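Residue numbering for the sequence shown follows this note's numbering, beginning at 6 and increasing consecutively. Using N, Cα and C, we set each Cβ at its ideal position, and we do this for glycine too. Here the structure is a predicted model, which is why all the values come from computation and not from measurement. To start, the structure under review is shown below, and the notes come after it.
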Amino acid sequence: MNATPAVNIGRLLQSVAEFAAIGATPAGGVNRPALSAKDRAARRLLAERAWARGFSVFQDEAANLFIRREGRDAALAPLLIGSHLDSQPTGGRFDGALGTLSAFEVLEALADADLKTERAIEVVAFTNEEGSRFSPGCMGSMAFAGAGAVADWSDAQATDGRLLADELAETLRAMPEAEVRPAGHAIAAFVELHIEQGPILEREEIPIGIVTAVQGTKWLEITFSGEAAHAGTTPLEFRRDPMAAAAAAIARIQDDVMPCDPQARLTVGRITAEPGSINVIPGRVTFTIDIRHPDAEALAAIEQRVTLECRAAGARRNCETSIQLRVDMPPGRFAPRVTAAIEDTCRALGIARRPMVSGAFHDALFVSRVAPSAMIFVPCRNGISHNEAEFVSDEHILIGARTLLGVAQRLAAE
Ligand code: GLV
Ligand code: MN
Ligand code: MN
């Protein structure tokens, strides 16, 4: 036959809807925590689809899931395309899933057209990209790229108390049909399609972002330890109140540190107080700070300033301050060869595009350390992501998948 391969948009939209039903939230979003039963159900659905199309399925020791369509020359390293299937607790239906399912659609489109590529193409669903249930994020791609090993995180504990080691083992066991291989097999290149998660493409009415770089991220965990005491009886001078320290530190970060640099992003997304009782001055308060910046030196300088502010706030309240660096992802640049393939594909298809830097981290950041990589962004409504209201139009899903298909054909032919 050998027809020109074409994206089947009806099939892709149905896939997106079916996966969004796994962990669906009442508000139209998705809660599919990494390595949870819901995550396992999504992985199984993808694997079942793959087997039904005659593709092969394997996993690696980090539970990254791979689906392979053979090429003409089995000796050539495969082209890798894909993203992740885990979500934020109140996540949207597109973050991760769209890239994974568009990649699977590429395999199906090639199979429909009976078109053999020179090298094999593999679709990947990386494990725990979000880092929300288990920290750090991008665990699967870090393991794949040798930037970390599963053993490094074996005592990582989920927000619900489960151990990473147990959930990982259960996830691997849940798919006994898929052989488990060592992490990090050779690949020719990696392309990840993803929603932009910001407002630029929509505002400029451009359907494709060619991602040339990813800004850096640091995650800090700050703990102020004071003394639990009675809320009604303890005068100010007797208090060692870690909540007062945290409130002051957070205010400094938001009011003084972030405004100094328009490119800096600082977020306190999680805070816990112990014992967490309305009429007890907490004994301990722990909170996270997510810091982003495109420049490695600026990122380090912000981390230093935040550290000083936190230590000063702790000292003012007579509390002990502990600061742990939980995640350190330096900024990364993507490969010109892969961004050029995206540019050439868009030009050939008559699709408007612009280069951009990703504000979010992605699995491609780590894979780019071991193979030429780049990303394709599609717009999302109002730039909203990590939110159940996340939305991508059918038209942009189609344009994104067509671009990915074109890029995959180019790179699998090289
Ligand atoms: C990815 O989910 C990020 O937080 O950038
Ligand atoms: Mn994502
Ligand atoms: Mn995300």
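Assigned with DSSP and collapsed to three states, Ala-22 falls in helix. In the three-state DSSP reduction, Gly-97 falls in the coil class, being neither helix nor strand. With contact defined as three or more Cβ pairs closer than 8 Å, the stretch 43 to 63 and the stretch 71 to 81 are in contact.
A distance below 7 Å separates the beta carbons of Gln-220 and Arg-297. For ligand 3, no non-hydrogen atom lies closer than 6 Å to the CB of Asp-91. In its chain, beyond the 5 residues on either side, Arg-124 have a beta carbon closer than 6 Å to the beta carbon of Leu-81.
If you ignore the 5 residues before and after Arg-322, its C-beta comes within less than 6 Å of the C-beta of Asp-246, Ala-249 and Ala-250, all in its own chain and listed in chain order.
Here DSSP, grouped into helix, strand and coil, assigns Lys-223 to strand. Of the other Cβ atoms in all chains shown, 16 or more fall within 10 Å of the Cβ of Leu-416; this residue is therefore buried.
Fewer than three beta-carbon pairs drawn from the stretch 306 to 321 and the stretch 206 to 218 are found closer than 8 Å, and the two stretches are therefore not classed as touching. By the Cβ neighbour-count rule, Phe-243 is exposed, with fewer than 16 other Cβ atoms within 10 Å of its own. With 16 or more other Cβ atoms from the protein chains shown falling within 10 Å of its own Cβ, Gln-93 counts as buried. Phe-109 carries a helical assignment under DSSP once its states are collapsed to helix, strand and coil. Residue environment: Asp-260 is assigned as exposed (fewer than 16 neighbouring CB atoms within 10 Å of its CB, all protein chains considered). Remark: the shortest separation between the CB of Asp-100 and any heavy atom of ligand 2 falls under 6 Å.
Membership of Met-334 in the beta strand (DSSP E) is indicated by the continuous run 325 to 334.
With a cutoff of 7 Å on beta-carbon distance, Ala-67 and Thr-132 are scored as near each other. Under a 10 Å Cβ-count criterion, Gly-33 is classified as exposed, with fewer than 16 other Cβ atoms of the shown protein chains found around its own Cβ.
Those residues whose C-beta sits under 6 Å from the nearest heavy atom of ligand 1 are, from N- to C-terminal order along the chain, Glu-135, Gly-142, Ala-365 and Phe-366. Remark: C-beta atoms of Phe-149 and Gly-189 approach each other more closely than 7 Å.
His-367 carries a coil assignment under DSSP once its states are collapsed to helix, strand and coil.
Runs of alpha helix (DSSP H) with 4 or more residues, each lying fully within the stretch 161 to 218, are found at 169 to 178 and 205 to 209, listed in chain order. Ser-140 carries a coil assignment under DSSP once its states are collapsed to helix, strand and coil. Per DSSP, the continuous beta strand (DSSP E) segment holding Thr-272 begins and ends at 270 to 272.
When the beta-carbon positions are compared, Val-35 and Arg-98 come within less than 7 Å of each other.
Residue pairing by DSSP places Arg-338 opposite Ala-218 in a beta bridge.
Looking at the DSSP output, Arg-73 sits in a beta bridge with Ser-61 and Glu-127. Under the three-state reduction of DSSP output, Pro-247 falls in the helix class. Just measuring C-alpha positions, the residue of Ile-213, Ile-126 and Met-263 sitting nearest Ala-406 is Ile-213. Taking C-beta separations shorter than 8 Å and ignoring five residues to either side along the sequence, the partners of Pro-287 in its chain run Gly-231, Ala-233, Asp-246, Pro-247, Met-248, Ala-278, Glu-279, Pro-280 and Gly-281, following chain order. For Gly-153, DSSP records no beta bridge to any residue. Shortest Cα-Cα distance from Arg-77 to any of Thr-122, Pro-83 and Phe-109 involves Thr-122.
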